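Presented below is the structure to which this report refers.
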Amino acid sequence: MTEPISAAISAEIEAARAAHGGTREDVAAAARAAGAPSTFTAAALRNLEIGRRAPSVDELLWLAAALSVPVRQLLGEHRELFGHDAYRPPECGAVEDATRSAVEDLHPLTGRQEALAQLAYALAAEVDGSGEKRQPAALAKALTDTLEQLWKLKPADTEQDDDLGAE
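Numbering that gives the first Met the number 0 puts the first residue of the sequence shown at 0, with every later residue one more than the last.
Put into structure tokens, the structure is as follows:
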């Protein structure tokens, strides 16, 4: 990490806009449609892109929505400081969200692992769901058993990173 986070974010905003193909006015309008105030204009976007000022968290969210990219993409080389890249639909419940997050650590998945992951997601969604036919204890047990099988299939790490950079 050679440049300050704000400089990397400025460069990534500009690069994402260029890849998106929109003008500053187009992206500012899309950001306003995503919730940005009317004061978020092409000039405001230019100030962010050239590093005149750092974006707020809200602005990052609006820009990510306007550019159809994950927020972490706008963090440049610093994205690893801020969690997983994988997209999780916001409409899933807390158990499904936690299950998806945990399974992300196992990627890439083999065929059987993928099938178990899909089953785990469906069970987690059932646990999150509501309805009179639900049996939460049975669903939670089935989910736990499925995740246990999934973790048993995880290949053992052959090398441990020592975080010292030596290879």
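Ideal Cβ positions, reconstructed from N, Cα and C, are used throughout, including at glycine. Keep in mind it's a predicted model, so treat the numbers as computed, not measured.
Is the number of C-beta pairs between the stretch 41 to 52 and the stretch 89 to 109 that are closer than 8 Å three or more? no
Between which residues of its own chain and Asp161 is the CB-CB distance below 6 Å, once the five residues before and five after are set aside? Translated into positions along the sequence shown, residue 161 becomes position 162. Low per-residue confidence applies at Asp161: pLDDT is 47, beneath 50, and the placement is therefore not dependable, though the value from the model is reported in the following sentence. Here the set comprises nothing.
With burial defined as no fewer than 16 other Cβ atoms inside 10 Å of the residue's Cβ, what is the status of Gln134: buried or exposed? Residue numbering aside, residue 134 sits at position 135 when the sequence shown is read from its first letter. It is exposed - the Cβ of Gln134 has fewer than 16 other Cβ atoms within 10 Å.
So Arg45 is in the alpha helix (DSSP H); what residue range does that whole segment cover? For the purposes of this step, residue 45 is taken as the residue at position 46 of the sequence shown. Residues Ala41 to Glu48.
Is it the case that the stretch 8 to 21 contacts the stretch 59 to 74, given that we only count it when at least three CB pairs across the two stretches are under 8 Å? yes
By the 10 Å Cβ neighbour count, where 16 or more other Cβ atoms means buried, how is Thr157 classified, buried or exposed? In the sequence shown, counting from the first residue as 1, residue 157 sits at position 158. Unreliable placement is indicated for Thr157, whose pLDDT of 45 sits below 50; the coordinate value is still reported in the next sentence. When all chains shown are included, Thr157 counts as exposed.
Would you call Leu163 buried or exposed, if buried means 16 or more other Cβ atoms sit within 10 Å of its Cβ? Along the sequence shown, one-based indexing puts residue 163 at 164. Bear in mind that a pLDDT of 49 at Leu163, under 50, signals an unreliable position, so the model cannot answer this.
For Ala33, which residues in the same chain have their Cβ closer than 8 Å to its Cβ, ignoring the five residues on either side in sequence? One-based indexing of the sequence shown puts residue 33 at position 34. Correct list, in chain order: Leu60, Trp61, Ala64 and Ala65.
Only counting the same chain, and skipping five residues up and downstream in sequence, which positions put a Cβ closer than 6 Å to that of Leu146? Walking along the sequence shown from the start, residue 146 turns up at place 147. Around Leu146: Ala119.
Contacting residues, own chain, Cβ-Cβ under 7 Å from Ala10 (five flanking each side not counted): Reading the sequence shown from its first residue, position 11 is the one you call residue 10. Closer than 7 Å at the Cβ level, and outside the excluded window around Ala10, lie Gly75.
May I have a chain-ordered list of the alpha helix (DSSP H) segments no shorter than 4 residues that lie completely inside the stretch 87 to 158? 93 to 103, 110 to 127 and 135 to 151
Go ahead and pull the three-state DSSP assignment for Glu11. As a first step, residue 11 must be located in the sequence shown, where it is residue number 12. Glu11: helix per DSSP, three-state reduction.
Apart from the five residues just before and just after Glu58, which ones in its own chain have a Cβ nearer than 8 Å to its Cβ? Translated into positions along the sequence shown, residue 58 becomes position 59. For Glu58, where only same-chain residues beyond five positions count, the Cβ hits under 8 Å are Ala30, Ala35, Phe39 and Leu47.
Have a look at Val182 and Ala114 and give me their C-alpha separation to the nearest angstrom. Outside the displayed span of the chain (0 to 166) sits residue 182, for which this structure offers no information.
What are the boundary residues of the alpha helix (DSSP H) that includes Ala27? For the purposes of this step, residue 27 is taken as residue 28 along the sequence shown, with counting starting at 1. Arg23 to Ala32 is the span of the alpha helix (DSSP H), which, as asked, contains Ala27.
Using the beta-carbon count (16 or more within 10 Å), is Ala42 buried or exposed? Here residue 42 is taken as the residue at index 43 of the sequence shown, counted from 1. Ala42 should be labelled exposed.
Is the Cβ-Cβ distance between Thr109 and Leu152 less than 8 Å? Sequence index remark: in the sequence shown, residue 109 carries index 110 (1-based). Sequence index remark: in the sequence shown, residue 152 carries index 153 (1-based). Result yes, Cβ atoms of Thr109 and Leu152 sit closer than 8 Å.
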